[in-house]
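The letter at position 60 of the sequence shown is residue 59 when you use numbering that gives the first Met the number 0, and the numbering goes up by one with no holes. Working notes for the structure below.
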Amino acid sequence: MKGSCFAQLTCTTNDGNSFIIANATDNTVAFINSTGDMCLEKGDCSDQSLSCNPTRDAFKILNSSDNTVVYIDFDGDLCLTGTLHENSNP
């Protein structure tokens, strides 16, 4: 990711250019802003999980085998099976 990943109690953005992830009650639980920073409302920015299988509603990214490799759940918790590279240039 271009910026940094961080967790805080409330993720609020108003730059008008953020990718916002909201839960089923339309509350923002995470975002990636225009400078590439990611905010999570729960957990941390840990990576390399053995598996990512959310127990409730989640924003999921699947691989070509239809397995979840990344999710941000209803509460804003991140699960990532790969490696998170922060402050990187693509």
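No residue lacks a Cβ here, since even glycine has one placed at the ideal position from N, Cα and C.
Phe73, DSSP secondary structure in three states: coil
Three-pair Cβ contact test at 8 Å for the segment 49-62 versus the segment 3-18: no
Sequence-distant residues of its chain with Cβ nearer than 8 Å to Tyr70 (five each side left out): Cys51, Pro53, Ala57, Phe58, Lys59, Ile60, Leu77, Cys78
Environment of Ser87 [buried if 16+ CB atoms lie within 10 Å]: exposed
Element boundaries [beta strand (DSSP E), containing Thr12]: First-last for Thr12: undefined, no H or E at that position.
Rounded straight-line distance, which links the Cα of Ser63 to that of Gly81: 15 Å
Residue of Ser17, Lys1, Ile31, Leu83 minimising C-alpha distance to Gln47: Leu83
Proximity to Ala29 [Cα-Cα], best of Met0, Thr12, Glu85: Thr12
Bridge partners - Ala29, DSSP secondary structure assignment: Ile20, Leu39
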